[in-house]
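Numbering (the working numbering), first residue to last: 113 to 400.
Backbone N, C-alpha and C define an ideal beta-carbon position, used for all residues, glycine too.
In this text, all values refer to a predicted model and were calculated from it rather than measured experimentally.
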């Protein structure tokens, strides 16, 4: 990624590729080469760090085209990749939480400082109607596990009581996610739990200069350089099936991916930002 691509919106890039055809790659390579030559000519000891910081920020917040994302390696839920040296290669397990295992799971979550968080809700297919269906699944990710809490049937009461300890205001565990506003509102509405403290990665990207909400796929691409598979069919699938029926493998992997990716992105992002702490926006410095 480079500064000129930051100033070139994804739709404009597509237009140029359509117009230039087979010569498009050569054009972009020439632009990148010219930029590198220019930056080399103005870089000195006094401005090196600021220029490096500028390049890092623009790389992180520049939306990638579908074409570029398609070229990335797939994000894996079974093993940590491209996060930090001490986490990379670490195996992870997905656990469908049962009432019998609930206490041990909650104890593990309580031991964490940061967790990835997401929810799934059965879709509504009524045009123009806001989805007010209750949450069917809560996902909480640690560095070694992703716990899936099926909030249906006889699970609801014991799970709600236990989750209050790790999701509510009295907890010091930071819940990390992307686009958390709807999750916060739904968790309060459905279970009476005030989700706090939280860190919305969209907020963090906005502080770095992103103009609008980037979404999980875009942030995973720019921060991790990995492609997070997304399927609208799975998104709209039935998350509220009864407990005597199992979620499909696709549903399980999809749900776990969002929570695990949020945690991975957080760790990877701060690994990349750490060398520039003195240059962080004040809003981020005050938060961390």
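In the DSSP annotation of this structure, the continuous segment of the beta strand (DSSP E) that includes residue 226 starts and ends at 226-233. Looking at the DSSP output, residue 289 shares a beta bridge with 312. Judged by beta-carbon spacing, residue 316 lies beyond the 9 Å limit of residue 229, meaning their Cβ atoms are not closer than that value. Cβ-Cβ separation between residue 338 and residue 310: approximately 24 Å, too far for a contact (criterion under 8 Å). Cβ-Cβ distances below 6 Å link residue 257 to 205, 207 in the same chain, with the five nearest sequence neighbours on each side left out; the list follows chain order.
A straight-line Cα-Cα distance of about 26 Å links residue 129 and residue 166. By the beta-carbon neighbour count (other beta carbons within 10 angstroms, threshold 16), residue 369 is buried. Residue environment: residue 178 is assigned as exposed (fewer than 16 neighbouring CB atoms within 10 Å of its CB, all protein chains considered). If you draw a 10 Å sphere on the C-beta of residue 344, you find fewer than 16 other C-beta atoms in it, and that means exposed.
Counting along the chain, residue 253 sits inside the beta strand (DSSP E) bounded by residues 247-253.
Ranked by how close their Cα comes to the Cα of residue 225, the residues 203, 376, 285 have 285 in first place. Residue 255 counts as buried, since at least 16 other C-beta atoms from the protein chains shown sit within 10 angstroms of its C-beta. Of 346, 132, 202, the smallest CA-CA separation from residue 189 is found for 202.
Secondary structure at residue 388: helix, using DSSP grouped into helix, strand and coil. A contact is defined here as three or more CB-CB pairs under 8 Å, and the segment 170-184 meets this definition with respect to the segment 317-331. Taking all protein chains shown into account, residue 248 has 16 or more neighbouring C-beta atoms within 10 Å of its C-beta and is therefore buried. Following the DSSP letters along the chain, one finds residue 211 in no alpha helix (DSSP H), marked with neither H nor E.
By the C-beta criterion, the segment 349-357 is judged to be in contact with the segment 257-275, since at least 3 inter-stretch pairs fall below 8 Å.
Comparing alpha carbon positions, the residue from 250, 171, 290 closest to residue 232 is 250.
Residue pairing by DSSP puts residue 258 in a beta bridge opposite 206, 253.
Beta-bridge pairing by DSSP links residue 222 to no other residue. Distance from the CA atom of residue 346 to the CA atom of residue 366, rounded to whole angstroms, is 7 Å.
The Cβ atoms of residue 215 and residue 274 sit closer than 9 Å to each other. According to the DSSP assignment, residue 329 belongs to the alpha helix (DSSP H) that extends over 327-331. Residue pairing by DSSP places residue 357 opposite no residue, since no beta bridge is assigned to it.
Straight through space, the alpha carbons of residue 209 and residue 361 are spaced by roughly 15 Å.
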